[in-house]
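S.K.: Here you go, one structure.
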Amino acid sequence: MWVGFLVAIVALFSFEFFVRFPMTRDFPWANLSLFAIAGVLLVIGLFRAYGQPGVYRGRIFGPILTIVSLVIFALFSYALFYIVRQMPASAAAPQVGVAAPGFTLPDQDGKQVALRELLGSDGTRAVLLIFYRGYW
Amino acid sequence: MADFDTRGIRIAAISVDPVETNQRHRKKMGYTFSFLADPNAEVIRRYDLLHQRAGPKGEDISRPAEFLIDPSGTVEWRNLTENAAVRVRPQEVLRTFDERNGKTSR
Numbered sequence: 001m002w003v004g005f006l007v008a009i010v011a012l013f014s015f016e017f018f019v020r021f022p023m024t025r026d027f028p029w030a031n032l033s034l035f036a037i038a039g040v041l042l043v044i045g046l047f048r049a050y051g052q053p054g055v056y057r058g059r060i061f062g063p064i065l066t067i068v069s070l071v072i073f074a075l076f077s078y079a080l081f082y083i084v085r086q087m088p089a090s091a092a093a094p095q096v097g098v099a100a101p102g103f104t105l106p107d108q109d110g111k112q113v114a115l116r117e118l119l120g121s122d123g124t125r126a127v128l129l130i131f132y133r134g135y136w
Numbered sequence: 137m138a139d140f141d142t143r144g145i146r147i148a149a150i151s152v153d154p155v156e157t158n159q160r161h162r163k164k165m166g167y168t169f170s171f172l173a174d175p176n177a178e179v180i181r182r183y184d185l186l187h188q189r190a191g192p193k194g195e196d197i198s199r200p201a202e203f204l205i206d207p208s209g210t211v212e213w214r215n216l217t218e219n220a221a222v223r224v225r226p227q228e229v230l231r232t233f234d235e236r237n238g239k240t241s242r
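Pasting the structure below:
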């Protein structure tokens with residue numbers, strides 16, 4: 001039962017680790033599997049605690065740990081399936097076929113870079129703009 | 137990365153992170169493309185990508201998005217993910233570029 005609780009904790013925090021790989025990032029199979037294992041272990045633990053109270057202890061801690069684990073799982077699911085999909089409409093974002101709005105921004109060395117410069121530099125056949133959330 | 141270089145695709149990453157953060161992050165990750173700092177989200181707003189109060193402390197940040205722009209400045213392809221955890225794969229961008237430029241992939 002303790003192991004089940006630990007696995008639930010690991011399932012939560014290992015998300016940081018698994019997001020590094022595209023396959024486990026797009027859909028967190030590994031984390032959900034860990035939660036499933038945690039759930040099974042907790043149920044086994046509870047049955048033992050109540051079925052054979054003489055052999056196994058944990059009639060008080062058992063339900064507490066199970067509830068805490070369920071809350072962790074609920075929060076994880078909420079973050080996973082709801083929060084990440086809260087996206088702005090971006091209705092006015094440049095469509096395919098229209099001119100990309102020009103800009104000039106400082107690069108990592110503080111040098112001002114214009115979109116037109118990037119497009120016009122030697123051997124450039126396209127520019128890929130990657131907007132990302134930041135806060136690294 | 138080399139696949140982008142050989143095709144002549146220049147990459148520029150844009151976020152609200154300041155210049156110093158970009159310098160540190162770029163070095164740490166070993167990226168060779170440019171990181172552009174848009175701390176006031178002016179360009180992000182111009183592209184209508186502002187995601188209000190979505191930063192770690194409720195700051196306005198950019199939603200994840202990718203645009204492929206041809207030398208004339210026209211948007212050739214774009215990707216606006218509906219799920220912050222799901223991003224475009226590099227291969228998808230390369231495939232799009234190759235299709236548009238009439239080359240076979242790899």
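Keeping their order, the protein sequence lines are chains A and B. Position 108 (the first sequence) corresponds to 108 in this note's numbering; numbering is contiguous. Position 40 (the second sequence) corresponds to 176 in this note's numbering; numbering is contiguous. Here a beta-carbon is modelled for each residue, glycine too, at the ideal position from N, C-alpha and C.
Within the same chain, show all residues whose beta-carbon is closer than 8 Å to that of Glu195/B, passing over the 5 residues directly before and after it, in chain order.
M.R.: As a first step, residue 195/B is located in the second sequence; it is residue number 59 there, counting from the start. Excluding positions up to five away in sequence, the list reads Val152, Arg189.
S.K.: How close, in whole Å, do the beta carbons of Ala173/B and Val155/B come, if the pair is a contact with beta carbons under 8 Å?
M.R.: Locating residue 173/B in the second sequence gives position 37, where the first residue counts as 1. Locating residue 155/B in the second sequence gives position 19, where the first residue counts as 1. Indeed they touch by this definition, with Cβ atoms about 5 Å apart.
S.K.: Going by the DSSP bridge assignment, what does Gln112/A pair with across the sheet?
M.R.: Reading the first sequence from its first residue, position 112 is the one you call residue 112/A. Per DSSP, Pro106/A.
S.K.: Look at the alpha carbon of Ser198/B and the alpha carbon of Ile180/B, and state the distance between them as a whole number of angstroms.
M.R.: Along the second sequence, read from residue 1 onward, the residue named residue 198/B stands at position 62. Along the second sequence, read from residue 1 onward, the residue named residue 180/B stands at position 44. Roughly 6 Å separates the two Cα atoms.
S.K.: Can you tell which of Leu41/A, Pro88/A, Gly97/A, Gln108/A has the C-alpha that lies nearest to the C-alpha of Lys163/B?
M.R.: Working through the second sequence from its first residue, we reach residue 163/B at position 27. Nearest C-alpha to Lys163/B: Gln108/A.
S.K.: Between Gln159/B, Gly166/B, Val211/B, Leu216/B, which lies nearest to Pro200/B when the distance is taken from Cα to Cα?
M.R.: Position 64 of the second sequence holds residue 200/B. Closest by alpha carbon: Leu216/B.
S.K.: Pick helix, strand or coil for Met23/A, following the three-state DSSP scheme.
M.R.: Residue 23/A sits at position 23 when you count from the first residue of the first sequence. Low local confidence applies: a pLDDT of 48 at Met23/A is under 50, so the model's placement there is unreliable, and no value is given.
S.K.: Under a CB-based cut-off of 8 Å, is Asn158/B close to chain A?
M.R.: Looking up residue 158/B in the second sequence gives position 22. Closer than 8 Å: yes.
S.K.: Could you confirm whether any beta carbon from chain A is found closer than 8 Å to the beta carbon of Glu218/B?
M.R.: On the second sequence, position 82 is the one that residue 218/B refers to. Chain A contact via Cβ: present.
S.K.: Tell me the DSSP bridge mates of His161/B?
M.R.: Translated into positions along the second sequence, residue 161/B becomes position 25. His161/B pairs with nothing; no bridge assigned.
S.K.: I'd like to know whether the C-beta atoms of Glu212/B and Arg236/B end up nearer to each other than 8 Å.
M.R.: Counting from 1 along the second sequence, the entry for residue 212/B is found at position 76. Counting from 1 along the second sequence, the entry for residue 236/B is found at position 100. Yes, the Cβ-Cβ distance between Glu212/B and Arg236/B is below 8 Å.
S.K.: My guess is that Ile205/B and Leu32/A are in contact by the Cβ rule of under 8 Å, so how many angstroms apart are they, rounded?
M.R.: Here residue 205/B refers to the residue found at position 69 of the second sequence. Here residue 32/A refers to the residue found at position 32 of the first sequence. That pair is no contact at about 38 Å.
S.K.: Any beta carbon of chain B sitting closer than 8 Å to that of Ser90/A?
M.R.: Indexing the first sequence from 1 puts residue 90/A at position 90. Yes, Ser90/A lies at the interface with chain B (some Cβ there is under 8 Å from its Cβ).
S.K.: Identify the continuous beta strand (DSSP E) that holds Leu204/B and give its terminal residues.
M.R.: Locating residue 204/B in the second sequence gives position 68, where the first residue counts as 1. 201–205 is the span of the beta strand (DSSP E), which, as asked, contains Leu204/B.
S.K.: From the beta carbon of Ile72/A, is the nearest beta carbon of chain B less than 8 Å away?
M.R.: Residue 72/A sits at position 72 when you count from the first residue of the first sequence. No, Ile72/A lies away from the interface with chain B (no Cβ there is under 8 Å from its Cβ).
S.K.: Rounded C-beta distance between Phe131/A and Leu230/B? I'm assuming under 8 Å.
M.R.: Numbered from its first residue, the first sequence carries residue 131/A at position 131. Numbered from its first residue, the second sequence carries residue 230/B at position 94. The pair is not a contact, with the Cβ atoms about 19 Å apart (cut-off 8 Å).
S.K.: Are the beta-carbon atoms of Ile145/B and Ala126/A separated by less than 8 Å?
M.R.: Start at 1 with the first residue of the second sequence, and residue 145/B comes out as number 9. Start at 1 with the first residue of the first sequence, and residue 126/A comes out as number 126. Yes, they are a contact pair.
S.K.: For Phe171/B, report the span of its beta strand (DSSP E) as first-last.
M.R.: Along the second sequence, one-based indexing puts residue 171/B at 35. Looking at the DSSP string, the run of the beta strand (DSSP E) that includes Phe171/B is 170–173.
S.K.: Could you name the residues of the region 161–189 of chain B whose beta carbon sits closer than 8 Å to any beta carbon of chain A, in the order they occur along the chain?
M.R.: If the cut-off is 8 Å between Cβ atoms, the region 161–189 of chain B has His161, Arg162, Ser170, Phe171, Leu172, Ala173, Asp174, Glu178, Val179, Ile180, Arg182, Tyr183, Asp184, Leu185, Leu186, His187, Gln188 near chain A.
S.K.: With a CB to CB cut of under 8 Å and the five nearest residues on each side skipped, what residues in its chain are close to Arg214/B?
M.R.: Taking the first residue of the second sequence as position 1, residue 214/B is located at position 78. Same-chain partners within the cutoff: Ala201, Glu202, Phe203, Leu204.
S.K.: I need the straight-line Cα distance from Thr168/B to Val113/A, nearest angstrom please.
M.R.: Working through the second sequence from its first residue, we reach residue 168/B at position 32. Working through the first sequence from its first residue, we reach residue 113/A at position 113. Their backbone Cα atoms lie some 15 Å apart in a straight line.
S.K.: Measuring only the C-alpha atoms, how far is Phe233/B from Pro226/B?
M.R.: For this step, residue 233/B is matched to residue 97 along the second sequence. For this step, residue 226/B is matched to residue 90 along the second sequence. So the alpha carbons of these two residues sit roughly 11 Å apart.
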